[in-house]
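Written out below as structure tokens is the structure these notes cover.
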Amino acid sequence: MINKSSYHSLEFSKMPMPKSRDIESAVKGDSPLLAASGLAAGYHGHPVVRDLDLVVRAGEVVALLGPNGAGKTTTLLALAGELPPLAGTVTFAGTATRSPLHARARHGLAFVPEERSIFPQLTTAENIRVGRCDPRLVLELFPELVPLMSRKAGLLSGGEQQMLTLGRALARRPALLLADELSLGLAPLIVTRLLEAVRAAADRDGVGVLLVEQHVRRVLPMSDRAYVMRGGRVVLQGLVADVAGRLEEAYLGEELGQRPAQTDATRSMNAGTPESSGTNAGQ
Ligand SMILES: Nc1ncnc2c1ncn2[C@@H]1O[C@H](COP(=O)(O)OP(=O)(O)OP(=O)(O)O)[C@@H](O)[C@H]1O
Ligand SMILES: [Mg+2]
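Residue numbers for the sequence shown follow our numbering, so the first one is 2 and each next one is one higher.
If you want it as structure tokens, here you go:
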């Protein structure tokens, strides 16, 4: 069993991240920053994700969607180097790799896992310092953190903690950002704030972004393309304009029309929308 608390995100955050020549050429050329081909990933040798083909190019935001248990986190862990693939290949910046996250991080990969990767006992300023990134850049991205620099990060609200996490990740100027449910449990205003920062990083700095999100209606307008997974496989992919109208079909698949109106899948598809969440949690 992979213990989620064993993610190396904190160690990884200490790594300097110079852009390699490979990254520069991938950014300049048309070759994808990240490509998965025939990828299988899972636990104890049993795949829960199968036959996954996926591409992320520099400067594009790609949403990875799907109901609970679809395999989104498993996919992201395999792409980040946290979970060794059971089959297939992951190519990062033009090179097939099986290296762990900390090695990929040195070549410009930033991974924001589902759990908030802050040090709760350290202050906001100390969290930024151990992240080895330019504090000015973090505060430029999220000026909301300026008055909170001397506060222990564990005392920040959920939204403030996530601004700190994302600010640190983006201030290391990654080539590729993989983020798992940035907006989990956060109020709509903060979700928009975080997603806008991600969009700006793609537009302004050419960062390639793969975002796992439950807030479908919030993430799609910020994205260029989307993949929808169900049962460990990609069941729908394409430009946002093409995918948007087919989401229900993709979430429910052949079970469409044979289930009660509110299934786990529809619940998760609607989770966090302004209509369904109505929460201020985490702000
Ligand atoms: N550490 C683990 N050990 C064994 N099985 C796991 C582990 N983590 C996840 N799984 C299983 O793998 C499948 C895919 O899980 P995963 O977490 O990738 O889904 P997800 O799409 O991210 O779901 P959610 O939207 O709920 O976060 C599920 O059936 C889950 O029970
Ligand atoms: Mg998940």
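Think of the CB as a built atom: it goes at the ideal place given N, C-alpha and C, for glycine as much as any other residue.
Here the structure is a predicted model, which means the values were calculated and not measured.
What span of residues does the alpha helix (DSSP H) with ALA111 cover, start to end? Mapped onto the sequence shown, residue 111 falls at position 110. First-last for ALA111: 110-113, but that is the beta strand (DSSP E), not the alpha helix (DSSP H).
Any non-hydrogen atom of ligand 2 within 8 Å of GLU116 CB: Locating residue 116 in the sequence shown gives position 115, counting from the first residue. Not under cutoff, so the answer is no.
Cα-Cα separation between HIS45 and ALA251, rounded to whole angstroms: For the purposes of this step, residue 45 is taken as the residue at position 44 of the sequence shown. For the purposes of this step, residue 251 is taken as the residue at position 250 of the sequence shown. If you take the alpha carbons of HIS45 and ALA251, they lie about 28 Å apart.
Quick one: any contact between the stretch 93-104 and the stretch 136-148, if contact means 3 or more CB pairs under 8 Å? With a cut-off of 8 Å, the stretch 136-148 and the stretch 93-104 do not count as touching, because too few Cβ pairs lie within range.
Inter-stretch contact at 8 Å, needing at least 3 Cβ pairs: the stretch 187-196 / the stretch 150-166: As far as the Cβ criterion goes, the stretch 187-196 touches the stretch 150-166, which means the pair count is three or higher.
Give the DSSP-derived three-state secondary structure of GLY291 in the structure shown. No information on residue 291 is available, as it lies outside the stretch 2 to 284 that the chain covers here.
Rank ASN128, HIS108 and GLY109 by C-alpha distance to the C-alpha of ARG117 and give the top, closest one. Position 116 of the sequence shown, counting from 1, holds the residue named residue 117. Shortest Cα-Cα distance from ARG117 to any of ASN128, HIS108 and GLY109 involves ASN128.
Sequence ranges, beta strand (DSSP E) only - wholly within the stretch 83-163, length at least 3: DSSP runs (the beta strand (DSSP E)) wholly in the stretch 83-163: 88-93 and 110-113.
With a Cβ-Cβ cutoff of 9 Å, do ARG51 and GLY254 count as a contact? As a first step, residue 51 must be located in the sequence shown, where it is residue number 50. As a first step, residue 254 must be located in the sequence shown, where it is residue number 253. Judged by beta-carbon spacing, GLY254 lies beyond the 9 Å limit of ARG51, meaning their Cβ atoms are not closer than that value.
Between LEU196 and ARG169, which are expected to be in contact by the criterion C-beta below 8 Å, what is the C-beta distance as a whole number of angstroms? Position 195 of the sequence shown holds residue 196. Position 168 of the sequence shown holds residue 169. Not really, about 17 Å apart at Cβ, beyond 8 Å.
Please confirm whether VAL139 and ASP181 have their CB atoms less than 9 Å apart. Counted from its first residue, the sequence shown places residue 139 at position 138. Counted from its first residue, the sequence shown places residue 181 at position 180. No; because the gap between Cβ atoms is not below 9 Å, this pair is not in contact.
Contiguous alpha helix (DSSP H) assignments of at least 4 residues, all confined to the stretch 157-208: Complete alpha helix (DSSP H) runs here, min 4: 159-172 and 189-206.
Could you check if LYS73 belongs to the surroundings of ligand 2, using beta carbon to heavy atom distance under 8 Å? On the sequence shown, residue 73 is found 72 positions in, with the first residue counted as 1. Checking every heavy atom of ligand 2 against the Cβ of LYS73, one is found closer than 8 Å.
At least 3 beta-carbon pairs within less than 8 Å: the stretch 82-90 vs the stretch 206-223: Taking a contact to require three or more Cβ pairs closer than 8 Å, the stretch 82-90 and the stretch 206-223 do not qualify as touching.
Please classify ARG58: does DSSP put it in a helix, a strand, or coil? As a working mapping, residue 58 is identified with position 57 in the sequence shown. Under the three-state reduction of DSSP, ARG58 is assigned to coil, being neither helix nor strand.
In angstroms, rounded to a whole number, what distance separates the CA positions of LYS73 and LEU171? Numbered from 1 along the sequence shown, position 72 holds the residue referred to as residue 73. Numbered from 1 along the sequence shown, position 170 holds the residue referred to as residue 171. Cα-Cα distance, rounded: 22 Å.
What is the residue span of the beta strand (DSSP E) that LEU240 lies within? Looking up residue 240 in the sequence shown gives position 239. Here the beta strand (DSSP E) through LEU240 covers 234-240.
ALA71, DSSP secondary structure in three states: As a working note, residue 71 is residue 70 in the sequence shown. In the structure shown, ALA71 sits in coil (DSSP, three-state: anything other than H, G, I, E or B).
Alpha carbon to alpha carbon, what distance is there between LEU212 and SER184? Position 183 of the sequence shown, counting from 1, holds the residue named residue 184. Position 211 of the sequence shown, counting from 1, holds the residue named residue 212. The straight-line gap separating the alpha-carbon atoms of SER184 and LEU212 is approximately 10 Å.
Which residues bound the alpha helix (DSSP H) around LEU253? What you label residue 253 is simply residue 252 of the sequence shown in a count that begins at 1. That run of the alpha helix (DSSP H) goes 248-253.
Any non-hydrogen atom of ligand 2 within 8 Å of VAL213 CB: Looking up residue 213 in the sequence shown gives position 212. Correct: VAL213 has its Cβ closer than 8 Å to ligand 2.
Should GLY209 and VAL57 be called a contact, given that it needs their Cβ atoms to be closer than 9 Å? Residue 209 sits at position 208 when you count from the first residue of the sequence shown. Residue 57 sits at position 56 when you count from the first residue of the sequence shown. Closer than 9 Å, so yes.
Give every residue of the same chain whose Cβ lies closer than 6 Å to the Cβ of SER38, excluding the five residues on either side of it in the sequence, and list them in chain order. Here residue 38 refers to the residue found at position 37 of the sequence shown. Hits under 6 Å: ASP54, GLY89 and THR90.
Leaving aside the five residues before and after ILE119 along the sequence, list all residues of the same chain whose C-beta is less than 7 Å from its C-beta, in chain order. Here the question's residue 119 lines up with position 118 in the sequence shown. So the qualifying residues of the chain are ASN128, ALA154, GLN162, LEU165 and THR166.
Report the partner residues of VAL210 according to the DSSP bridge assignment. In the sequence shown, residue 210 corresponds to position 209, counting from 1. In DSSP, VAL210 forms a bridge with VAL62 and LEU178.
Sorry if obvious, but does the Cβ on GLU182 come closer than 8 Å to a heavy atom of ligand 2? Numbered from 1 along the sequence shown, position 181 holds the residue referred to as residue 182. Yes.
Among the candidates GLU115, ARG247 and ALA176, whose CA atom is the shortest distance from the CA of GLY186? Working through the sequence shown from its first residue, we reach residue 186 at position 185. Of GLU115, ARG247 and ALA176, the smallest CA-CA separation from GLY186 is found for GLU115.
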